[in-house]
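One structure is given here, and the rest of the page talks about it.
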Amino acid sequence: MGGAGGSAGLLIGNGGAGGAGGAGFIGGDGGNGGNGVWIGNGGNAGVGGGAVIGTPGGIGAGGGSGLLLGLDGFNAPPGTSPLHILQQDALNAINAPVQAATERPLIGNGTPGAAFSGADGTPGGWLLGDGGAGGSGAYNGMAGGDGGAAGLVGAGGTGGAGGGYIVLSPELGAGGTGGAGGAGGWLSGAGGNGGSGGYYSPFSFNTGAGGGAGGAGGPGGLLGAGGNGGIGGFGGVTGPGGGPASTGGSGGAGGAGGLLGGLVGAGGGDGGGGGFGFRWDGVGGSGGNGGAGGNTGMFGGPGGAGGTGGYGGTGGVGGIGGNGGLCYGAGGVGGTGGFGQVDNGGAGGAAGLLFSSAGAGGFGGTGRVDGGAGGAGGAAGGLGFGGPGGAGGAGGLFSPDAGDAGDGGAGGTGGQLLGTGGSGGSGGESLASSGRGGAGGVGGNAVLIGVGGNGANGGIGDPNGDGGTGGTGGSLLGQNGLNGLP
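Structure follows, in structure tokens:
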């Protein structure tokens with residue numbers, strides 16, 4: 001069952017849309033939309049989930065509009081107050097010619113796409129309105145629909161989930177791609193989240209193309225945050241004698257934050273996590289890569305975090321953190337590598353030009369045999385601190401006799417004028433009896449004025465990993481960083 005949308009802000013704002021019901025043999029019901037308060041539309045009802053053999057889920061109830069101005073959300077029950085009825089009739093009369101001329105209303109939310117249709121959500125009203133959510137894809141690998149764009153003020157619609165393949169399906173093909181989130185309102189409004197990728201048939205006896213990729217998050221408006229990327233779809237499990245293992249879908253990229261989003265704390269959206277990869281014998285299928293975090297605008301908030309790599313025979317790589325704003329804004333944290341054979345963390349995002357810290361590198365994933373390397377820290381701008389490197393992942397989890405740990409990531413470079421280099425990430429620990437510990441990451445360098453980042457200690461193993469070298473101090477003023485210990 002989809003979750004209920006939240007209530008709007010006290011003065012201006014639309015109620016949140018209800019979540020779509022989950023698809024399955026019997027579809028889940030959609031969630032109810034949230035209510036407006038004074039000025040704002042009611043949230044759209046969530047559509048019911050599609051069903052394979054049973055009954056589709058029911059559509060939720062749309063939220064009521066604000067008391068002063070606004071239109072009820074999609075599938076809202078009829079009002080009983082004469083004043084409310086008059087308000088709705090008047091707005092519908094105003095919207096009619098605008099809708100006919102431009103294919104979108106002046107005030108009001110867009111309409112969501114139906115389940116299993118893959119239809120795009122329609123755009124919200126020119127002045128006030130959220131975009132409609134995209135419809136989910138059908139059970140044949142159909143892509144989910146894109147979320148509709150908002151108007152002047154409003155949130156972008158959520159992308160529809162990609163269609164999967166039915167259990168024991170003889171068909172061959174990848175799960176559907178999740179729909180992209182809609183753009184947030186031009187003035188204010190968050191971008192819509194991307195839809196999740198469709199899964200590949202869990203027990204197909206054919207070679208599987210794998211899970212579908214998650215949809216990209218929508219860009220935020222001038223003062224809005226970017227939407228989060230959708231998660232990648234699960235890969236299938238091949239049967240005895242079947243083809244190669246299926247790969248999990250990659251996570252969608254986070255949407256870009258608004259140009260002035262940092263003034264209200266809005267940054268880039270987070271990248272979606274990669275889907276799991278599976279195989280009958282427990283090895284092989286690769287996890288999907290995490291999506292990149294969204295970048296931010298000129299006076300941006302923090303860049304979005306990179307998505308976590310999916311689990312699999314080969315773990316997915318963590319997504320790269322988004323960059324901070326051109327003038328200021330912290331870089332996003334890199335995503336953690338997924339559990340598997342090789343699963344490196346994502347690099348941290350770069351910082352804005354002034355007074356901002358770069359993002360930390362993501363942790364390397366824990367390996368069945370060898371651990372993944374930590375991601376490198378992001379570089380600072382003109383004034384700021386370099387991001388610390390991510391720690392290396394542990395190795396030898398399922399290989400007690402051999403398995404090397406991952407190396408720590410390098411620290412990021414400090415600000416071009418002033419700033420300390422980031423510290424290196426610690427080396428991972430090997431859990432095997434004869435596995436090498438990960439080397440410590442090197443410290444980041446300062447540039448003009450600043451201290452070099454410390455090198456990290458090497459990880460425990462047989463032998464222990466080497467310590468990382470400290471970064472160099474600034475050419476005008478600053479000490480070198482300390483070296484790490486083995």
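Start counting the sequence shown at 1; every next residue gets the next number (full-length UniProt numbering). Glycine included, each C-beta is placed from N, C-alpha and C at the ideal position.
- In its chain, beyond the 5 residues on either side, G28, G49 have a beta carbon closer than 6 Å to the beta carbon of G22.
- Just so you know, the alpha carbons of G252 and G151 end up roughly 24 Å apart.
- In the pairwise beta carbon analysis, the region 73-86 is classified as not touching the region 156-167: fewer than three pairs are separated by under 8 Å.
- The continuous alpha helix (DSSP H) containing N92 extends over residues 82-102.
- Judged by DSSP in its simplified three-state form, L127 adopts coil rather than helix or strand.
- Looking at the backbone, the Cα of G144 and that of G113 are separated by about 9 Å.
- Taking each of G381, G346, P400, G212 in turn and checking the Cα distance to G392, the smallest one comes out for G346.
- By DSSP's assignment, S188 forms a beta bridge with V153.
- Under a 10 Å Cβ-count criterion, T80 is classified as exposed, with fewer than 16 other Cβ atoms of the shown protein chains found around its own Cβ.
- Note that the C-beta distance between I85 and P78 is below 9 Å.
- Between the alpha carbons of D462 and G455 lies a distance of about 21 Å.
- P302 counts as buried, since no fewer than 16 other beta carbons sit within 10 angstroms of its beta carbon.
- Annotated as distal: G271 and A225, with beta-carbon spacing of 9 Å or more.
- Straight-line spacing of the CA atoms in G229 and F116 works out to 21 Å.
- Around the beta carbon of P219, 16 or more other beta carbons sit within 10 angstroms, so the residue counts as buried.
- Residues W38, I39 of the same chain have their beta carbon placed closer than 6 Å to that of L68, with the five preceding and five following residues left out of the count.
- For G62, the closest alpha carbon among the candidates S430, G16, L106 is that of G16.
- When the alpha-carbon of A4 is set against those of G13, F25, G36, G46, the nearest one is in G46.
- Look at L263 here: in three-state DSSP terms it is helix.
- The Cβ-Cβ distance between S65 and Q99 does not fall below 9 Å.
- In this structure, the beta-carbon distance from G468 to G458 falls below 9 Å.
- In this structure G422 touches P388 by the C-beta definition: roughly 5 Å separates them, less than 8 Å.
- Take L485, set aside five residues on each side of it, and the residues of its chain with a beta-carbon closer than 6 Å to its own are N457, G467, in chain order.
- In this structure, the beta-carbon distance from V447 to L482 does not fall below 9 Å.
- In the three-state DSSP reduction, L477 falls in the strand class (E or B).
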